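Colleague: In the UniProt record's numbering, the protein residues as written are 1 to 229.
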Amino acid sequence: MGTRTGWHGTGTCTRVGRVGTGTGPGRSGCGGAPPGPRAVYMCSLSLFHYSEYLVTAINNPRSLSLDSFLLNHSFEYNLAALSSWVEFTLEKLLVPEMKQITWLSTVGLLMVIVGDCLRKAAMLTAGSNFNHIVQNEKSDTHTLVTSGVYGWFRHPSYVGWFYWSIGTQVLLCNPICVVGYTLASWRFFRERIEEEEITLIHFFGEEYLEYKKKVPSGLPFIKGVKVEL
């Protein structure tokens with residue numbers, strides 16, 4: 001168990017280095033002018049992935065792996081990141097004033113901070129019950145967590161990630177990706193929540209159904225799986 005919480009050799013160092021490159025641009029603003037939105041975005045992106053691994057190491061070391069960084073989350077996730085970088089670069093070259101809307105970037109940064117904090121609070125509150133992969137078999141230690149941020153939303157980690165992802169694009173003043181990220185994230189989490197709730201109902205039965213009646217999913221227009229009584 002203890003060995004799983006350590007660094008995973010050269011493979012992990014490579015991943016850490018890859019994520020860490022995002023913090024480089026963030027430091028460039030420390031000597032004089034404050035960092036621009038791209039630098040703040042890269043720092044936020046790096047922190048998100050670092051903290052995913054760190055909180056997993058604290059909460060659930062048995063499930064810890066290189067995948068805990070979520071760097072290889074999916075092809076769509078990587079494509080979305082690439083799209084945001086392309087949009088930012090093109091718009092900065094063609095319409096530079098578009099990337100200088102300070103108040104909008106500030107709103108985006110607040111969304112990023114609040115969203116990431118909510119997600120990490122959800123992970124820590126769930127403890128060993130949290131896993132990046134939907135579990136199909138109930139372990140002896142599985143319990144239904146309804147306290148803390150789970151008293152606000154049924155899926156606080158998804159709520160945090162949803163608004164974090166949109167916030168990154170508001171921060172960059174990327175109008176196209178704001179719309180694209182909102183639609184893609186909403187669709188992803190709608191499907192994910194329905195899949196997860198089927199498992200939760202199987203695990204906890206009436207206890208989860210009662211919880212589902214009282215507490216909203218937290219995401220707009222997503223009610224979760226429909227149960228035929």
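Virtual Cβ for every residue (Gly too), placed ideally from N, Cα, C.
These numbers were taken from a predicted model, which means no experiment stands behind them.
Considering ARG192, what are the terminal residues of the alpha helix (DSSP H) in which it resides?
Modeller: 175-204 is the span of the alpha helix (DSSP H), which, as asked, contains ARG192.
Colleague: Check whether the Cβ atoms of ARG154 and LYS213 sit closer than 8 Å, and answer yes or no.
Modeller: The answer is no: Cβ separation not under 8 Å.
Colleague: Return yes when the Cβ of ILE113 is within less than 8 Å of the Cβ of CYS173, no when it is not.
Modeller: No. Outside cutoff.
Colleague: Can you tell which of TYR50, PHE203, PHE221 has the C-alpha that lies nearest to the C-alpha of SER139?
Modeller: Among TYR50, PHE203, PHE221, the Cα nearest to that of SER139 belongs to PHE203.
Colleague: Taking just the CA atoms, how far does ALA57 sit from LEU64?
Modeller: Approximately 6 Å, taken between the alpha carbons.
Colleague: My guess is that residue 241 and PRO37 are in contact by the Cβ rule of under 8 Å, so how many angstroms apart are they, rounded?
Modeller: The structure shown has nothing for residue 241, since the chain only spans 1 to 229.
Colleague: Between the C-alpha atoms of PHE69 and TYR50, what's the straight-line distance to the nearest angstrom?
Modeller: Answer to the nearest angstrom: the Cα atoms are 6 Å apart.
Colleague: Excluding the five sequence neighbours on either side, which residues of its own chain have a C-beta within less than 7 Å of the C-beta of LEU171, listed in chain order?
Modeller: Contacts found: PRO37, VAL40, TYR41, SER105, GLY108, LEU109, VAL112.
Colleague: Thinking C-beta only, is GLY160 closer than 8 Å to LEU219?
Modeller: Against a cut-off of 8 Å, the Cβ pair of GLY160 and LEU219 comes out as no contact.
Colleague: Which runs of the alpha helix (DSSP H) at least 4 residues long sit entirely within the stretch 30-83? Give them in chain order.
Modeller: Complete alpha helix (DSSP H) runs here, min 4: 37-59.
Colleague: Classify SER217: buried if its beta carbon has 16 or more other beta carbons within 10 angstroms, exposed otherwise.
Modeller: Its Cβ being crowded by 16 or more others within 10 Å, SER217 is buried.
Colleague: Kindly indicate the opening and closing residues of the alpha helix (DSSP H) around TRP103.
Modeller: Segment 102-126, the alpha helix (DSSP H) holding TRP103.
Colleague: With DSSP as the reference, label VAL215 as helix, strand or coil.
Modeller: Note: VAL215 maps to coil in three-state DSSP.
Colleague: Taking GLU196 as the reference, give the member of THR146, ARG62, LEU124, ASN136 with the closest Cα.
Modeller: Checking every option, the nearest Cα to that of GLU196 belongs to ASN136.
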